[in-house]
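Residue 53 in the UniProt record's numbering sits at position 53 of the sequence shown, with consecutive numbering throughout.
Every residue, glycine too, gets a C-beta built ideally from N, C-alpha and C.
On a predicted model such as this, the values are computed, not experimentally measured, just so you know.
The structure appears right after this line, and notes come after that.
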Amino acid sequence: EGTGADRVMTQRCKEKLNILAVSVMNQWPGLRLMVTEGWDEDHMHARESLHYEGRAVDIMTSDKDRSKIGMLARLAVEAGFDWVFYESRNHIHCSVKSDSSQSNHASGCFTGDSTVQTINGEHRKLSELQIGEKVLSVDSSGRVVYSEVIMFMDRDTHQSREFVHIETDGGAHLTVTPAHLVMVWQKEIGESRYLFADRIQEGDYVLVNIDNNLEPRKVLRISAKLSQGVYAPLTSEGTVLVD
Numbered sequence: 001e002g003t004g005a006d007r008v009m010t011q012r013c014k015e016k017l018n019i020l021a022v023s024v025m026n027q028w029p030g031l032r033l034m035v036t037e038g039w040d041e042d043h044m045h046a047r048e049s050l051h052y053e054g055r056a057v058d059i060m061t062s063d064k065d066r067s068k069i070g071m072l073a074r075l076a077v078e079a080g081f082d083w084v085f086y087e088s089r090n091h092i093h094c095s096v097k098s099d100s101s102q103s104n105h106a107s108g109c110f111t112g113d114s115t116v117q118t119i120n121g122e123h124r125k126l127s128e129l130q131i132g133e134k135v136l137s138v139d140s141s142g143r144v145v146y147s148e149v150i151m152f153m154d155r156d157t158h159q160s161r162e163f164v165h166i167e168t169d170g171g172a173h174l175t176v177t178p179a180h181l182v183m184v185w186q187k188e189i190g191e192s193r194y195l196f197a198d199r200i201q202e203g204d205y206v207l208v209n210i211d212n213n214l215e216p217r218k219v220l221r222i223s224a225k226l227s228q229g230v231y232a233p234l235t236s237e238g239t240v241l242v243d
């Protein structure tokens, strides 16, 4: 931005970012880690955004190659960021807990009973999914494609957590943690964007996979449920189509 504002961040965020910068150079020689947004001085984010606390960064590789987003997210997790989200088709959102906090944020996850479609057409529970398998996801242009599972950002069979259960017209349903990013359709402007599950309301439209095409479906009911087991697969594309 030219103002130096993006360099304002907490010590923990700075440490993780430095680790990630080295990982990026090792993974892709000749490229650098690029911070597209750090501390927000222009009040362009939601009131509760961690960008105002110096605890969040939006990142991309210096070549702006969208095909690297999945691997970049993996490197960010390995670098120690507490939250890693595929927030848009152009960057990864990473943030950290406060320097004084010892608790982890409930990140975006699914239940073990949630299913994905593998490349052979089989519907597989996330509790049975293995690294290396290819599952339906969405690429940077919005197309439905198969993408390889490269890691699990979370995989805990015993942890109990509260989930948001979303039901749409046509019978589609989705169960995710409140902090999971879901693709929603904005009818008034004809575009999709990502929204935290706990901010979705009845009457909103979410994108549902219909015969390998993403179509908007109206949200009819939203409820809370407690379930055991949390799973967060990461694909090369950075996205995954579930249920």
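- Kindly list the residues whose CB is nearer than 6 angstroms to the CB of Ala-197, restricted to its own chain and excluding five residues on each side of it in sequence; keep chain order. For the purposes of this step, residue 197 is identified with residue 197 of the sequence shown, where counting begins at 1. When the five nearest sequence neighbours on each side are left out, the beta carbons in the same chain lying within less than 6 angstroms of the beta carbon of Ala-197 are those of Val-164, Val-176, Pro-178, His-180 and Val-182, in order along the chain.
- Through-space distance from Tyr-146 to Ile-69, alpha-carbon basis: Translated into positions along the sequence shown, residue 69 becomes position 69. Translated into positions along the sequence shown, residue 146 becomes position 146. So the alpha carbons of these two residues sit roughly 15 angstroms apart.
- Message: Which of the three DSSP states is assigned to Leu-241 in this structure?
- Response: As a first step, residue 241 is located in the sequence shown; it is residue number 241 there, counting from the start. Per DSSP, reduced to three states, the secondary structure at Leu-241 is coil, with no helix or strand assignment.
- Message: Need the endpoints of the beta strand (DSSP E) that Asn-213 sits in, please.
- Response: Here residue 213 refers to the residue found at position 213 when the sequence shown is read from its first residue. It spans 213-235 - the beta strand (DSSP E) in which Asn-213 sits, taken as one unbroken run.
- Message: If we require 3 or more residues per run, which beta strand (DSSP E) segments fall completely within the UniProt domain "Hint" (107-210)?
- Response: Every beta strand (DSSP E) stretch that sits fully inside the UniProt domain "Hint" (107-210) and reaches 3 residues is listed by chain position as 115-117, 123-125, 134-138, 144-168, 173-176, 181-186, 191-196 and 205-210.
- Query: Are at least three pairs of beta-carbons, each pair with one atom in the segment 66-86 and one in the segment 234-242, less than 8 angstroms apart?
  - Reply: A contact exists between the segment 66-86 and the segment 234-242.
- Would you mind giving the Cβ-Cβ distance between Asp-55 and Thr-10, rounded to the nearest angstrom? I have them listed as a contact below 8 angstroms. Working through the sequence shown from its first residue, we reach residue 55 at position 55. Working through the sequence shown from its first residue, we reach residue 10 at position 10. For the sequence presented, residue 55 should be read as Arg rather than Asp. Cβ atoms of Arg-55 and Thr-10 come within 8 angstroms of each other, at about 5 angstroms.
- Would you list the residues sitting across from Cys-94 in a DSSP beta bridge? By 1-based counting over the sequence shown, the position of residue 94 is 94. Paired residues: Val-57 and Val-84.
- State buried or exposed for Met-25, treating a residue as buried only when at least 16 other CB atoms are found within 10 Å of its CB. Residue 25 sits at position 25 when you count from the first residue of the sequence shown. With fewer than 16 other Cβ atoms within 10 Å, it is exposed.
- Extent of the continuous beta strand (DSSP E) to which Met-9 belongs: Here residue 9 is taken as the residue at index 9 of the sequence shown, counted from 1. Per DSSP, Met-9 lies in no beta strand (DSSP E) and is assigned neither H nor E.
- Nearest residue (CA-CA) to Ser-95, options Gln-186, Lys-125, Glu-128 and Lys-14: Counted from its first residue, the sequence shown places residue 95 at position 95. Just measuring C-alpha positions, the residue of Gln-186, Lys-125, Glu-128 and Lys-14 sitting nearest Ser-95 is Lys-14.
- In angstroms, rounded to a whole number, what distance separates the CA positions of Thr-58 and His-91? Translated into the one-based positions of the sequence shown, residue 58 becomes position 58. Translated into the one-based positions of the sequence shown, residue 91 becomes position 91. Here residue 58 turns out to be Asp, not Thr, going by the sequence shown. In a straight line, the C-alpha of Asp-58 is about 6 angstroms away from that of His-91.
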